[in-house]
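Sequence order for the protein chains is A and B.
Per this note's numbering, residue 3 is the first one in the first sequence, and the count goes up by one each step.
Per this note's numbering, residue 902 is the first one in the second sequence, and the count goes up by one each step.
Glycine included, C-beta positions come from ideal geometry on N, C-alpha and C.
In what follows, a structure is listed as structure tokens, so that the remarks can point back to it.
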Amino acid sequence: MSEPVSQSHSLTNQSAQGVRVARPPLTRLARARQERFATWFFVGIPLAVYAVFVVLPIAYMVYLSLNDWDGLGAMTFTGLDNYARVFRDERFWISIQHNVLWAFATLFGTTMLGLLLALLLARTRAWGRGFFQIVYFLPQMISSVVIAIMWRWIYYPTDGPLNVALSSLGLGFLQHTWLGETQTVLPALFIAYTWVAYGFAMLTFLTAIDSVDPNLLDAAKIDGANWFKETWYVLLPAVRPALTTVFIIMGIWSFQVFNLVWLTTRGGPGYSSSVLALQIYRSTFVERNIGMGSALATILSLIILVLAFFTLRRTNDEAV
Amino acid sequence: MTFQTLSRPVTPRRTRRWVSAAFMTIILAGIALIVFYPIALLIFTALKTPAELVRNTFGPPQAVSFNNIIDVWVTEQLGGYLVNSLIVSSGVVIGSVILSALGGFGFARLHFSNKRLYLTLLLLGLVIPFETLIIPIFYMMRGLNLLSTYWAMIIPQVALGLPFGILLVRSFTVSLPQELFDAAELDGCNAWNRFWHVALPLMRPALVAVAIFQAIWSWNQYLLPLVVVQDPNIRTLPLMLGFFIGRYSTDFGRLCAAALMLFLPTLVFYILFHRQILNARLTGALNY
């Protein structure tokens, strides 16, 4: 940190920015004290809000998971009982299974779509790339409640567009109660979710492709590479780190899903579309078993932390 | 050049380029139509009478009917919930911008011990979703007697947006030339002046990005209000829509009309700010 100038300079009342500054000559001690106060002010206030409303709740959640509580009466300390109960609960395993399925299914869908579109946008000479980018990203901006309504309508068995389309194409036998049958509910949700989430993958890949040094491409062209060779040997290696990022982010998101499922099927039929976040909500606010809900939430946090750890490690390596 | 080499008609390169460009544009346009169609469906359905909905499921309404929309505004008093959403989102944006500016500047230009530790703590916050926090936040809010208030929705969203906001502003401020701040300090500026007169005017793009991102996130937020709000008068629009789904489960005309009311502001916002959104999205990715 630069030293304050000697007193003589401070007799002028205007700084280089033309700002009138109060100028009592400050001693080193006073300045240090002032900087320390500044630190408390600038950094302390936001960190305090963060600590109280993010860090503290996390600690509280872990604490709650070690107790038995119904939200109203007394709390009894039960240690790791809740976790034992969670691991014995079939609904927990079903939900996690669905989350994992969600991760795999949406991962492939969004990655393929995203990569394809990124390549189409960046590497062909089509016009209006900016406009198409905007349109393709639009679904990501829509609230999940609107998404839920939209796809409830599309999947509506009686008059909904999907079934009506199938029957008018003569494929009436393919009609289903998409959101009401155990076999079809998850795929139906995956499609809706992929429609929303592919935009992020596309954007990530576009950024990666754009960051490839054009000289590299020119060099490849000079060496006689055609479009395919250019793409395969120059672009795809550049895209690989983006691929990992997309994988991890999609994985994290897949474990966080709640709104879409809750608003379309409530986890049904039965538990065939239940996911972890839904179980957390149900345990806590419907079954009033706060201990178990908190245990589930802690487990979810750990899963996400592990997944995120890989992302953060990579982000640090690459100065994103 | 002899005649032997011209064995077949060769389209000049420029024409071929033009054709391939046109062709790809058509393909992109086709994809865009497919992507946009569900949204179009939403709009169409909102503007159709129930009778027409059965007849004409896919296309635009032949007789545009604003019944659903009027219905939804008048009977359901959608305006009130819109106002609630506006209040909450404004609060979140203001709080986030202020705290991110302060924190970002502090982390970037002030010196204090354990800076790295706090940064890591913030980084962790990037991945914590609301789905895990709702339980403790509910009971905290209950304990603070803040259930069913705007604060209960505003404060947690500001807090959870801080990692994104502070890190974004910080990385932006760090890239500002150090000489600016040194010069200011040489002239006797204390920290506040450095912040207010030097950093803040230059930070504006980063703060705009924070504002936009938090605006969208809080506008679409469903889970937090669901948990924290019991009083129907304080409900925000997404929450109200959630209840609509239960109430009007098969009246899709009305449902889509109500959904449109939530979606249209988002659309306008997106069209206005798409550049900032598309840039900021990547940094804030972890906390969708």
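Simplified DSSP assignment, three categories, for residue i
i	result
B:T926	helix
B:D1132	coil
A:T78	strand
A:N69	strand
A:G324	The structure shown does not extend to residue 324 of chain A, since chain A spans only 3 to 322, so no value can be given for it.
B:F1164	helix
B:C1090	coil
A:D83	helix
A:Q135	helix
B:A1085	helix
A:D91	coil
B:P1126	helix
B:G1185	Legend: pLDDT at B:G1185 = 47, less than 50; position of this residue unreliable, value from coordinates given subsequently. In the structure shown, B:G1185 sits in coil (DSSP, three-state: anything other than H, G, I, E or B).
A:S4	For A:S4, the predicted model reports a pLDDT of 44, less than 50, meaning its position is unreliable; a value from the coordinates is still stated below. Here A:S4 sits in coil by DSSP.
A:T113	helix
A:D225	coil
A:V107	Position check: residue 107 of chain A holds Ala in this sequence, whereas Val was assumed. Of the three classes helix, strand and coil, the one that applies to A:A107 here is helix, per DSSP.
B:G1066	helix
B:G1143	helix
Min CB distance residue i to chain B below 7 Å
i	result
A:W71	no
A:L265	yes
A:G295	yes
A:M59	One detail in the question is off: residue 59 of chain A reads as Pro in this sequence, not Met. True, the Cβ-Cβ gap to chain B drops below 7 Å.
A:T286	yes
A:P341	Summary: the structure shown does not reach residue 341 of chain A, with chain A confined to residues 3 through 322, and so no result is reported for it.
A:N101	no
A:S145	yes
A:L302	yes
A:Q258	yes
A:Q332	Since the first and last residues shown for chain A are 3 and 322, residue 332 of chain A lies out of range.
A:T41	yes
A:V166	yes
A:P216	no
Cβ distance (whole Å) where residue i is taken to contact residue j below 8 Å
i	j	result
B:S1001	B:L1138	Not confirmed; about 25 Å, so no contact.
B:M1104	B:V1070	6 Å
A:M143	B:Y1123	In fact, because the Cβ distance is near 15 Å, the residues do not count as touching under 8 Å.
B:F1006	B:F1096	5 Å
B:V936	B:F1039	About 37 Å separates the two Cβ atoms, so there is no contact after all.
A:T78	A:L68	Actually they are not in contact, since the Cβ atoms of A:T78 and A:L68 sit about 10 Å apart, beyond 8 Å.
A:F44	B:A1092	7 Å
B:V994	B:Q1115	5 Å
A:I211	A:A120	6 Å
A:M63	A:T286	That belief does not hold up - the Cβ atoms of A:M63 and A:T286 are roughly 10 Å apart, past 8 Å.
A:V88	A:L298	6 Å
Residue-level contact to chain A via CB, residue i, 7 Å cutoff
i	result
B:M925	yes
B:G1185	Note that B:G1185 scores a pLDDT of 47, beneath 50, so its modelled location is shaky; the value from the coordinates is reported in the next line. So, not an interface residue.
B:T958	yes
B:T1050	no
B:I1146	yes
B:E977	no
B:A1092	yes
B:T1137	no
B:I1036	yes
B:I1056	yes
B:E1032	yes
B:F1164	yes
I want to know whether the region 161 to 169 of chain A touches the region 261 to 277 of chain A - three or more CB-CB distances under 8 Å.
Inter-segment contact for the region 161 to 169 of chain A and the region 261 to 277 of chain A is absent: fewer than three beta-carbon pairs are separated by less than 8 Å.
What runs of the beta strand (DSSP E), each 3 residues or longer, lie entirely inside the region 277 to 312 of chain A?
Fully enclosed beta strand (DSSP E) runs of 3 or longer: not present.
Considering only residues of the region 158 to 189 of chain A, which uninterrupted alpha helix (DSSP H) runs meet the minimum length of 4 residues and lie entirely inside it, listed in chain order?
Segments of the alpha helix (DSSP H) lying fully in the region 158 to 189 of chain A: 163 to 170.
Report the start-end ranges of each alpha helix (DSSP H) in the region 974 to 1025 of chain B that is 4 residues or longer and not cut off at the edges.
List check, alpha helix (DSSP H) in window: 979 to 1010.
Does the contact criterion of 3 or more C-beta pairs under 8 Å hold for the region 198 to 208 of chain A versus the region 178 to 190 of chain A?
No: the two stretches stay apart, fewer than three of their Cβ pairs being nearer than 8 Å.
At least three beta-carbon pairs within less than 8 Å, the region 957 to 977 of chain B to the region 1141 to 1159 of chain B
These segments touch.
Is there contact between the region 186 to 198 of chain A and the region 908 to 924 of chain B, where contact requires at least three CB pairs shorter than 8 Å?
By the Cβ rule, the region 186 to 198 of chain A does not count as touching the region 908 to 924 of chain B, because fewer than three pairs are nearer than 8 Å.
Evaluate the contact criterion for the region 287 to 294 of chain A versus the region 112 to 119 of chain A: three or more CB pairs, one atom per stretch, below 8 Å.
No, they do not touch.
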